[in-house]
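Participant: A single structure is presented below for examination.
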Amino acid sequence: MKTNLTDIVFATRNPGKIREIRDFFADSAYNILSLDDIGVNIHVVEDGTTFEENAAKKAREICDACGKIVLADDSGLMIDALDGEPGVDSANFLGTDTPYPVRNAKILEMLADVPEDGRGARFVCVIAIAQPGRDIIAERAEIRGTIAYAAAGGDGFGYDPIFYVPQYGITMAQMDVARKNKISHRGQALGLVRDRLDES
Ligand code: ITT
């Protein structure tokens, strides 16, 4: 039975992120609570121009509302051939309500004539830690890969089916959550955040 766990709120409404975060902190000293778990229904406007600004804003506003330790993740896909787009606007690319298969098909179409050596991309994740009465701490991590020639895989979420990881020879959507967490932008950022939490 788990005892003496520290409650941490994860300020996200993205079910894909929640799944990865819960898997990462399973069997840890931390008990991950969602916004629903603590009954907070605040919509934070993500109007920053960097991942850092948005992650800090999400974490701080929710921390001010609930008084607990709050983590917030701002992340996105940066495609070299598109000058880093969709980047910070990844959640809104082609419109917030556009299904990901449609967005992914559009990216494949935009890169249709781009040869292998021009298909580089990276996933970036910044996770901010907000604690009452303390300055924000943020950790950033990324993983480089390439944009695949076709979508593949049914795991993960968002742009995972078109993000090819050369060292594994599969897309991010062809990995289960544990394997993705070992290498991904989010998994790496969570590792850095866990170290910070362990220190405080
Ligand atoms: P919250 O703000 O509530 O956390 P969100 O989905 O709006 O949820 P972001 O503003 O950070 O989150 O947008 C990040 C977008 O980048 C996300 O919606 C995905 O489209 C994409 N993304 C981030 N990490 C990803 C991953 O691991 N796999 C696939 N797509 C990812």
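Numbering (my numbering), first residue to last: 792 to 991.
Backbone N, C-alpha and C define an ideal beta-carbon position, used for all residues, glycine too.
Beta carbon of ALA733, beta carbon of LEU983: below 8 Å?
Facilitator: What is shown of the chain runs 792 to 991, which leaves residue 733 out entirely.
Participant: Can the beta-carbon of ALA872 be found less than 8 Å from the beta-carbon of ARG910?
Facilitator: yes
Participant: With LEU902 as the anchor, note down where its alpha helix (DSSP H) starts and where it stops.
Facilitator: Premise fails: LEU902 is in no alpha helix (DSSP H) and is neither H nor E.
Participant: Determine the DSSP secondary structure at ASP926, reduced to helix, strand or coil.
Facilitator: coil
Participant: Give a single yes or no on whether ARG813 has its beta carbon closer than 7 Å to a heavy atom of the ligand ITT.
Facilitator: no
Participant: Which complete alpha helix (DSSP H) runs does the region 938 to 989 hold, if anything under 4 residues is left out?
Facilitator: Counting whole runs of 4 or more residues, the region 938 to 989 contains the alpha helix (DSSP H) stretches 968 to 974.
Participant: Taking only runs of the alpha helix (DSSP H) that begin and end inside the region 847 to 919, which ones reach a length of at least 4 residues, in chain order?
Facilitator: 891 to 901
Participant: From the DSSP secondary-structure annotation, give me the bridge partner or partners of LEU826.
Facilitator: Answer by DSSP bridge pairing: none, since LEU826 is not bridged.
Participant: Taking 7 Å as the cut-off, is the beta-carbon of THR797 closer than that to any non-hydrogen atom of the ligand ITT?
Facilitator: Because no heavy atom of the ligand ITT lies under 7 Å away, the Cβ of THR797 does not count as near it: no.
Participant: Going by DSSP, name the residue or residues bridged to PHE801.
Facilitator: In the DSSP output, where bridge partners are listed per residue, PHE801 has LEU862.
Participant: Could you have a look at GLY839 and say whether DSSP puts it in helix, strand or coil?
Facilitator: coil
Participant: Which residues in the same chain have their Cβ closer than 7 Å to the Cβ of ILE823, if we skip the five residues on either side of it in sequence?
Facilitator: The answer, listed in chain order, is ILE799, PHE801, ILE812, ARG813 and PHE816.
Participant: Do you know how far the Cα of ILE953 is from the Cα of THR962?
Facilitator: 6 Å
Participant: Could you round the C-beta distance between VAL995 and GLY867 to whole angstroms and report it? I think they count as a contact, below 8 Å.
Facilitator: No answer is possible for residue 995: it lies beyond the span of the chain, which begins at 792 and ends at 991.
Participant: According to DSSP, is ILE809 helix, strand or coil?
Facilitator: helix
Participant: Out of ILE928, ASN972 and ILE927, point me to the one whose CA is closest to ASP946's CA.
Facilitator: ASP946 has its Cα closest to that of ASN972, out of ILE928, ASN972 and ILE927.
Participant: Using only the alpha-carbon positions, how far apart do LEU826 and THR889 sit?
Facilitator: 24 Å
Participant: On the DSSP bridge list, what partners appear for ILE934?
Facilitator: PHE914
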